[in-house]
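All remarks here apply to the structure that follows.
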Amino acid sequence: MKSALCSRFFILLPWILIVIIMLDVDPRRPAPQLTSRPYFSPHAVGCGGSRVPLRRSIPGRDAAEKRNESRPQLQPEPRLPTIYAITPTYSRPVQKAELTRLANTFRQVAQLHWILVEDRATRSELVSSFLARAGLPNTHLHVPTPRRYKRPWLPRATEQRNAGLAWLRQRHQHQSAQPGVLFFADDDNTYSLELFQEMRTTRKVSVWPVGLVGGRRYERPLVKNGKVVGWYTGWREDRPFAIDMAGFAVSLQVILSNPKAVFKRRGSQPGMQESDFLKQITTVEELEPKASNCTKVLVWHTRTEKVNLANEPKYHLDTVNIEV
Ligand code: UGA
Ligand code: MN
Numbered sequence: 001m002k003s004a005l006c007s008r009f010f011i012l013l014p015w016i017l018i019v020i021i022m023l024d025v026d027p028r029r030p031a032p033q034l035t036s037r038p039y040f041s042p043h044a045v046g047c048g049g050s051r052v053p054l055r056r057s058i059p060g061r062d063a064a065e066k067r068n069e070s071r072p073q074l075q076p077e078p079r080l081p082t083i084y085a086i087t088p089t090y091s092r093p094v095q096k097a098e099l100t101r102l103a104n105t106f107r108q109v110a111q112l113h114w115i116l117v118e119d120r121a122t123r124s125e126l127v128s129s130f131l132a133r134a135g136l137p138n139t140h141l142h143v144p145t146p147r148r149y150k151r152p153w154l155p156r157a158t159e160q161r162n163a164g165l166a167w168l169r170q171r172h173q174h175q176s177a178q179p180g181v182l183f184f185a186d187d188d189n190t191y192s193l194e195l196f197q198e199m200r201t202t203r204k205v206s207v208w209p210v211g212l213v214g215g216r217r218y219e220r221p222l223v224k225n226g227k228v229v230g231w232y233t234g235w236r237e238d239r240p241f242a243i244d245m246a247g248f249a250v251s252l253q254v255i256l257s258n259p260k261a262v263f264k265r266r267g268s269q270p271g272m273q274e275s276d277f278l279k280q281i282t283t284v285e286e287l288e289p290k291a292s293n294c295t296k297v298l299v300w301h302t303r304t305e306k307v308n309l310a311n312e313p314k315y316h317l318d319t320v321n322i323e324v
């Protein structure tokens, strides 16, 4: 009897061992990553177009992880707030060049979603194919500026920024807000990578200096004891928020909890759009100064010179059709 049990045990033993070994191998565990990745490009472009920065895991979070404690493995980073950059853009000879510069910057920023809004009745082929190859999570919107508002003395891009805001609100209407930060990124400005690190920690509304604007080398919020107390500017100091569109960011939470805050055409003048919008969502006392208490310029209000097309033929003369 005893020897029969014993022989059964020895027959079953290898099978038990095989089962134990198989249970211990987790097929979902990715292969260990051997090279470390630099800070600004730690992305995998996911199927939803979202970029997931990768890092080695913090061991011992749960039992399953504990088993593999000593083995290096990839885990998603604790979610960085997504930066939503709303860019109004319109058709002109330099458009593709501007968008190329912008995409080259944005591609180096983790967890950035580009909301590109064309000032047109339909999406253009140029922008569509550009975005398809840009390698950036993006949303392509379009809305034309009514003809009566296309005047040099009137504010620009009101309808386009509002379309971007509407998209953001709609996308997040049913879910509790994921951490996110909104920033209005005109297509002709110049953005340092440091700027995105600064704005990502925005709790409500953050501000910083802007270079080459307002007829001065820079404009900036004046900060005392960590609070904004005024503005260094050479133009319309009476503005409640004397700041350019490129000088602030707003948390997604603030955008969602103020669903009526939009850019207004009625009564608005160029240079007042920022104040009109910010007045609806915050106060000067509440602003969060970034860029070392607003003492560093990390974004420049550059403007591209109008191109000289004096020698461009009236009718197409070349043998090929080239997109510029
Ligand atoms: C300044 C501010 O920096 C802008 O944020 C503000 O919208 C603008 O004044 C204003 O007066 O409304 P500025 O350099 O004069 O900027 O304006 P642009 O760069 O010519 O236009 C701002 C954005 O709107 C750009 O992204 C541009 O591509 C877009 N835009 C401009 C349109 O979508 N449609 C237009 O007809 C003109
Ligand atoms: Mn501009």
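UniProt numbering puts the first residue of the sequence shown at 1, with every later residue one more than the last. Every residue, glycine too, gets a C-beta built ideally from N, C-alpha and C.
*asked:* DSSP three-state label for E118, please.
replied: As a working mapping, residue 118 is identified with position 118 in the sequence shown. Three-state result, E118: strand.
*asked:* Just verifying my parser: in three-state terms, what is the DSSP assignment at R8?
replied: Looking up residue 8 in the sequence shown gives position 8. Three-state DSSP puts R8 in a helix.
_Quick check: does the Cβ of N189 come within less than 7 Å of any heavy atom belonging to ligand 2?_
For the purposes of this step, residue 189 is taken as the residue at position 189 of the sequence shown. Yes, the beta carbon of N189 sits closer than 7 Å to at least one heavy atom of ligand 2.
*Are there three or more Cβ pairs, one per stretch, closer than 8 Å when the stretch 79-86 is compared with the stretch 104-116?*
yes
*Return yes when the C-beta of R303 is under 7 Å from any heavy atom of ligand 2, and no when it is not.*
Numbered from 1 along the sequence shown, position 303 holds the residue referred to as residue 303. True, at least one ligand heavy atom lies under 7 Å from that Cβ.
*Please go through the same chain and pick out, in chain order, the residues whose beta-carbon is closer than 7 Å to the beta-carbon of R303, but skip the five residues on each side of it.*
Stepping through the sequence shown from its first residue, residue 303 is reached at position 303. The answer, listed in chain order, is D188.
*Under the three-state DSSP convention, the category K306 falls into*: Working through the sequence shown from its first residue, we reach residue 306 at position 306. Residue state, collapsed to three classes: coil.
*Report whether the distance from the Cβ of D186 to the nearest heavy atom of ligand 1 is below 7 Å.*
In the sequence shown, the residue the question calls residue 186 occupies position 186. Yes, since a heavy atom of ligand 1 falls inside the 7 Å radius drawn around the Cβ of D186.
*Can you have a look at S292 and say buried or exposed, based on whether 16 or more other CB atoms are within 10 angstroms of its CB?*
Your numbering for residue 292 matches position 292 in the sequence shown. Looking at its Cβ environment, which holds fewer than 16 other Cβ atoms inside 10 Å, S292 is exposed.
*G164 lies in the alpha helix (DSSP H); which residues open and close that run?*
Working through the sequence shown from its first residue, we reach residue 164 at position 164. Taken as a continuous stretch (DSSP letters only), the alpha helix (DSSP H) holding G164 covers 158-171.
*Under the DSSP definition of a beta bridge, which residues are partnered with E288?*
For the purposes of this step, residue 288 is taken as residue 288 along the sequence shown, with counting starting at 1. Beta-bridge pairing links E288 to S206.
_At a cut-off of 7 Å, would you count M245 as near ligand 1, judging by its Cβ distance to the nearest heavy atom?_
Here the question's residue 245 lines up with position 245 in the sequence shown. M245 Cβ: within cutoff of ligand 1.
*Would you tell me roughly how many angstroms separate the C-alpha atoms of S176 and Q253, rounded to the nearest one?*
Stepping through the sequence shown from its first residue, residue 176 is reached at position 176. Stepping through the sequence shown from its first residue, residue 253 is reached at position 253. Separation of S176 and Q253 (C-alpha to C-alpha, rounded to the nearest whole angstrom) is 9 Å.
*Taking all protein chains shown into account, do 16 or more other C-beta atoms lie within 10 angstroms of the C-beta of H316, making it buried, or fewer, making it exposed?*
In the sequence shown, residue 316 corresponds to position 316, counting from 1. So H316 counts as exposed.
*List the residues that DSSP assigns as beta-bridge partners of K227.*
If you number the sequence shown from 1, residue 227 lands on position 227. Answer is K224, bridged to K227.
_Going by DSSP, what residue range makes up the beta strand (DSSP E) through N138?_
By 1-based counting over the sequence shown, the position of residue 138 is 138. Run containing N138: 138-142, per the beta strand (DSSP E) assignment.
*Secondary structure at H43, three-state DSSP: helix, strand or coil?*
For this step, residue 43 is matched to residue 43 along the sequence shown. Caution applies to H43, whose pLDDT of 31 falls short of 50 and renders its modelled position unreliable; the model cannot decide the point.
*So, are the CB atoms of L141 and K96 less than 8 Å apart?*
As a working mapping, residue 141 is identified with position 141 in the sequence shown. As a working mapping, residue 96 is identified with position 96 in the sequence shown. Not a contact, by the Cβ cut-off of 8 Å.
*Could you check what DSSP says for L182 in three-state terms: helix, strand or coil?*
Taking the first residue of the sequence shown as 1, we reach residue 182 at position 182. In the structure shown, L182 sits in a strand (DSSP, three-state: E or B).
*For F106, which residues from the same chain have a beta carbon less than 7 Å from its beta carbon, with the 5 sequence-adjacent residues on both sides left out?*
Counting from one through the sequence shown, the residue named residue 106 turns up at place 106. Excluding residues within five positions, the ones whose Cβ falls inside 7 Å are A85, L112, W114, L136.
*CB of P93 within 8 Å of CB of V324, strictly*: Counted from its first residue, the sequence shown places residue 93 at position 93. Counted from its first residue, the sequence shown places residue 324 at position 324. Going by C-beta atoms, P93 is nearer than 8 Å to V324.
_Which of helix, strand or coil DSSP assigns to G247_ = Taking the first residue of the sequence shown as 1, we reach residue 247 at position 247. In the structure shown, G247 sits in a helix (DSSP, three-state: H, G or I).
*Under the rule that 16 or more other beta-carbon atoms within 10 Å means buried, what is F10, buried or exposed?*
Here residue 10 corresponds to residue number 10 of the sequence shown, with the count starting at 1. F10 is exposed by the Cβ-count criterion.
_Between which residues of its own chain and W300 is the CB-CB distance below 6 Å, once the five residues before and five after are set aside?_
Mapped onto the sequence shown, residue 300 falls at position 300. T190, G211, L212, listed in sequence order.
*Among residues of its own chain, excluding the 5 on either side of F40, which ones have a beta-carbon nearer than 8 Å to its beta-carbon?*
Along the sequence shown, one-based indexing puts residue 40 at 40. For F40, the predicted model reports a pLDDT of 31, less than 50, meaning its position is unreliable and no value from the coordinates is stated.
*Leaving out five residues on either side along the sequence, give the residues of the same chain with a beta carbon under 8 Å from the beta carbon of V228.*
Reading the sequence shown from its first residue, position 228 is the one you call residue 228. So the qualifying residues of the chain are V207, P221, L222, V284, E285, L287, P289, C294.
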